[in-house]
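**Q** Here it is: the structure, laid out below.
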Amino acid sequence: MKISILYKLLVLLFLSTMSFSQTTNTTVKAKIEIEEIEGNIKVTGTAENLTEVVQGLSYKLSVIKKNSTSSNQSNNDQEGFFSLEPSETKKLSVTQVNMGKEDEVIVLLLFYNENKQLIGKDRMVLGEKKKIKS
Numbered sequence: 708m709k710i711s712i713l714y715k716l717l718v719l720l721f722l723s724t725m726s727f728s729q730t731t732n733t734t735v736k737a738k739i740e741i742e743e744i745e746g747n748i749k750v751t752g753t754a755e756n757l758t759e760v761v762q763g764l765s766y767k768l769s770v771i772k773k774n775s776t777s778s779n780q781s782n783n784d785q786e787g788f789f790s791l792e793p794s795e796t797k798k799l800s801v802t803q804v805n806m807g808k809e810d811e812v813i814v815l816l817l818f819y820n821e822n823k824q825l826i827g828k829d830r831m832v833l834g835e836k837k838k839i840k841s
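The numbering of the sequence shown is the working numbering, which starts it at 708 and goes up by one.
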């Protein structure tokens, strides 16, 4: 009898932990599209509604450029609100950045629901230098 109760408690604990874990890109998919245009990098943040209901959301697209030969760093953040019809895909924000041989560009796209909970994300790193282990 005690084993059965203990087993039920463990299953209940496991299921409750799973229900509160945060998952992203299950209702709205975040996608970063990259295109090279004449030495510049064009970054487009895209959202895709994976459900059959209208979604009202906010987004933040961050582009961080670092130069490996100097301590220079620049940040570009774009934020806004948008809505998506069922199964709709929408381009939200477009920006361009020039990129030299010594530059690393980190692009981050985040989606939040009306409760300010993170529900979608995508991240890309361009020009990432592999660090040599000594």
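Even for Gly, the Cβ is constructed at its ideal location relative to N, Cα and C. From a predicted model like this one, the values you see are computed outputs, not experimental measurements.
1. Looking at the structure shown, is Glu-743 part of a helix, part of a strand, or coil, going by DSSP?
2. What is the rounded straight-line gap between the Cα of Phe-789 and the Cα of Ile-771?
3. Give me the Cβ distance between Thr-796 and Thr-753, rounded to the nearest whole Å; I'm assuming they're in contact under 8 angstroms.
4. For Leu-833, which residues in the same chain have their Cβ closer than 6 angstroms to its Cβ, ignoring the five residues on either side in sequence?
5. Any idea if Leu-768 is buried or exposed, counting beta-carbon neighbours within 10 angstroms, 16 or more meaning buried?
6. Using a Cβ-Cβ cutoff of less than 7 angstroms, which residues in the same chain neighbour Glu-835 once the five nearest sequence positions on both sides are dropped?
7. Report the start-end ranges of each beta strand (DSSP E) in the stretch 773 to 801 that is 3 residues or longer and not cut off at the edges.
8. Should Val-761 be labelled buried (16 or more other beta-carbon atoms within 10 Å of its own) or exposed?
9. By the DSSP assignment, the beta strand (DSSP E) with Leu-817 in it spans what residues?
10. Do Gly-827 and Asn-747 count as a contact pair if the criterion is CB distance below 7 angstroms?
11. In this structure, how does DSSP classify Thr-751 when only helix, strand and coil are distinguished?
**A** Answer, in terms of the structure:
1. Numbered from 1 along the sequence shown, position 36 holds the residue referred to as residue 743. In the displayed model, Glu-743 falls within a strand according to three-state DSSP.
2. As a first step, residue 789 must be located in the sequence shown, where it is residue number 82. As a first step, residue 771 must be located in the sequence shown, where it is residue number 64. Going from the Cα of Phe-789 to the Cα of Ile-771 covers about 23 angstroms.
3. Residue mapping note: residue 796 aligns to position 89 of the sequence shown, counting from 1. Residue mapping note: residue 753 aligns to position 46 of the sequence shown, counting from 1. With a Cβ gap of about 6 angstroms, Thr-796 and Thr-753 count as contacting.
4. Here residue 833 corresponds to residue number 126 of the sequence shown, with the count starting at 1. Result list for Leu-833: Val-812, in chain order.
5. Position 61 of the sequence shown, counted from the start, is the residue given in the question as residue 768. Per the 10 Å Cβ criterion, buried.
6. Counting from one through the sequence shown, the residue named residue 835 turns up at place 128. Within the same chain, Glu-835 has close Cβ partners Glu-811.
7. 780 to 791
8. For the purposes of this step, residue 761 is identified with residue 54 of the sequence shown, where counting begins at 1. Exposed is the label assigned to Val-761, since fewer than 16 other Cβ atoms lie within 10 Å of its Cβ.
9. On the sequence shown, position 110 is the one that residue 817 refers to. Looking at the DSSP string, the run of the beta strand (DSSP E) that includes Leu-817 is 810 to 819.
10. Residue 747 sits at position 40 when you count from the first residue of the sequence shown. Residue 827 sits at position 120 when you count from the first residue of the sequence shown. No, these two residues do not count as a Cβ contact at 7 angstroms.
11. In the sequence shown, the residue the question calls residue 751 occupies position 44. Three-state DSSP puts Thr-751 in a strand.
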